[in-house]
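Engineer: Input: one structure, supplied below.
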Amino acid sequence: MSVKFSTFIGVEVCPDRAHPFTFTVIDRDLVIRSLGSGSLKDAFAFLAGQENAIAAINSPMTTSQGLLKREEIRQRLSPSSPLSHWANIRLVEYELLQRGIQVPRTPASKKRSPRWMRLGFQLFDEIHKLGYEQYPHASAEKQFFECQGEAVFWSLLGHSPLRKDTLEGSLQRQLVLGMCNLPVPDAMLFFEEITRYRLLNNKLPTDNLYSSAELNTLAAAYTAWLAGSQPDKIAAIGHEEEGFIYLPNQTVVGYFRDESGG
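Below you can see the structure in the form of structure tokens.
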């Protein structure tokens, strides 16, 4: 791939009815240039405004095509897996669930899919009209691929992250993004700002913590940055008939040791 990218986009699609899309841009120096949320129309406008970019989108690209029903596919799977009887999910989701990564299950029909997933399908269906080509492309100035925020954090940690809807889960994810050299506030400062008064009066210092959707969006943008600048540090999982998910293939925490001595 000969294209030198200057802009790396992350998009998160979630069940929030008012703002189902969260999007961010980072540059080649990992500086966060913008971070916002909005509707499908807002997401289109955001993507259309880029001239040279890779976009990583946290949403299923296609419905399940029934690959898990095929004998040649099932022979590759573990017969002892509790997931082995599932056929109405994509192969990539099966593979990630096998690793312990909690990901959405995509049904075989768009009509049976939740609203947020249908919005994601629409984004993927229309993104070509904005000049984006599917990654990896040898010469396209604008490219996109499917990503998955929870799986990105699993890959960067090397194990299952804490629950994303908890305070500790947000702290952990923000700490990981900081270790990726993204300029996010140091999550450990949260503990320095806790006082007895704040704790007793429900005034936790959360102003510098990103939301779950924002954290997933930044994780996707970081994966897009890897895809454009260090493609050997990402891996494709899935099948060409249902689409691939691209994820980091190296952890960022392996060199840390337990400072408590435990």
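Each residue of the sequence shown is one higher than the one before, starting from -4 at the first, in this note's numbering.
Glycine residues also receive a C-beta, built at the ideal position from the N, C-alpha and C atoms.
On the premise that Ala231 lies in contact with Tyr217, defined as a C-beta separation below 8 Å, what is that separation, rounded to the nearest angstrom?
Structural biologist: Numbered from its first residue, the sequence shown carries residue 217 at position 222. Numbered from its first residue, the sequence shown carries residue 231 at position 236. Contact flag wrong, Cβ pair sits at about 17 Å.
Engineer: Could you tell me which whole alpha helix (DSSP H) segments of length 4 or greater appear in the stretch 181 to 246?
Structural biologist: DSSP runs (the alpha helix (DSSP H)) wholly in the stretch 181 to 246: 184 to 187, 191 to 195, 207 to 224.
Engineer: So what does DSSP say about Ser165, is it helix, strand or coil?
Structural biologist: Here the question's residue 165 lines up with position 170 in the sequence shown. In this structure, Ser165 counts as helix in the three-state DSSP scheme.
Engineer: Measure the Cβ-Cβ separation of Pro109 and Pro10 and say whether it is below 8 Å.
Structural biologist: Here residue 109 refers to the residue found at position 114 of the sequence shown. Here residue 10 refers to the residue found at position 15 of the sequence shown. Yes, Cβ-Cβ distance for Pro109 and Pro10 is below 8 Å.
Engineer: In angstroms, rounded to a whole number, what distance separates the CA positions of Glu90 and Ser155?
Structural biologist: Start at 1 with the first residue of the sequence shown, and residue 90 comes out as number 95. Start at 1 with the first residue of the sequence shown, and residue 155 comes out as number 160. Near 15 Å, if we compare the C-alpha coordinates of Ser155 and Glu90.
Engineer: Opposite Lys48 in the DSSP bridges: which residues?
Structural biologist: In the sequence shown, the residue the question calls residue 48 occupies position 53. Here the sequence assigns Ala to residue 48, which means Lys is not the residue at that position. Partner(s): Thr2, Lys137.
Engineer: Whole-angstrom Cβ separation of Leu114 and Leu35, contact assumed at under 8 Å?
Structural biologist: Numbered from its first residue, the sequence shown carries residue 114 at position 119. Numbered from its first residue, the sequence shown carries residue 35 at position 40. Leu114 to Leu35, Cβ: 5 Å. Contact.
Engineer: Count the other C-beta atoms from every protein chain shown that fall within 10 angstroms of the C-beta of Phe185, then say buried if there are 16 or more, exposed otherwise.
Structural biologist: Position 190 of the sequence shown holds residue 185. Answer is buried; the Cβ neighbour count reaches 16.
Engineer: By Cβ distance below 7 Å, which residues in the same chain neighbour Ser29 in space, the five residues on each side in sequence not counted?
Structural biologist: To locate residue 29, count along the sequence shown from 1; it is residue 34. Result list for Ser29: Thr19, Val20, in chain order.
Engineer: Identify the residues that DSSP records as bridge partners of Ile27: which are they?
Structural biologist: Sequence index remark: in the sequence shown, residue 27 carries index 32 (1-based). BP columns for Ile27 point to Ile21.
Engineer: Assuming the contact rule is C-beta atoms closer than 8 Å, Ile27 and Pro178 should be a hit. Round their C-beta distance to whole Å, please.
Structural biologist: Counted from its first residue, the sequence shown places residue 27 at position 32. Counted from its first residue, the sequence shown places residue 178 at position 183. Indeed, because the Cβ distance is near 6 Å, the residues count as touching under 8 Å.
Engineer: So, Gly5 versus Ala215, is the Cβ gap smaller than 8 Å?
Structural biologist: Within the sequence shown, the letter at position 10 stands for residue 5. Within the sequence shown, the letter at position 220 stands for residue 215. Yes, the Cβ-Cβ distance between Gly5 and Ala215 is below 8 Å.
Engineer: Name the one or two DSSP bridge partners that Glu128 has.
Structural biologist: Numbered from 1 along the sequence shown, position 133 holds the residue referred to as residue 128. Per DSSP, Gln138.
Engineer: Considering Cα atoms alone, identify which of Leu166, Asp120, Leu62, Ala219 is closest to Asp202.
Structural biologist: Position 207 of the sequence shown, counting from 1, holds the residue named residue 202. Per the Cα distances, Leu166.
Engineer: Using 10 angstroms around the beta-carbon of Ser104, count the other beta-carbons present and answer buried if the total reaches 16, otherwise exposed.
Structural biologist: Here residue 104 corresponds to residue number 109 of the sequence shown, with the count starting at 1. It counts as exposed.
Engineer: Cβ of Pro55 within 8 Å of Cβ of Pro15?
Structural biologist: Translated into the one-based positions of the sequence shown, residue 55 becomes position 60. Translated into the one-based positions of the sequence shown, residue 15 becomes position 20. Not closer than 8 Å, so no.
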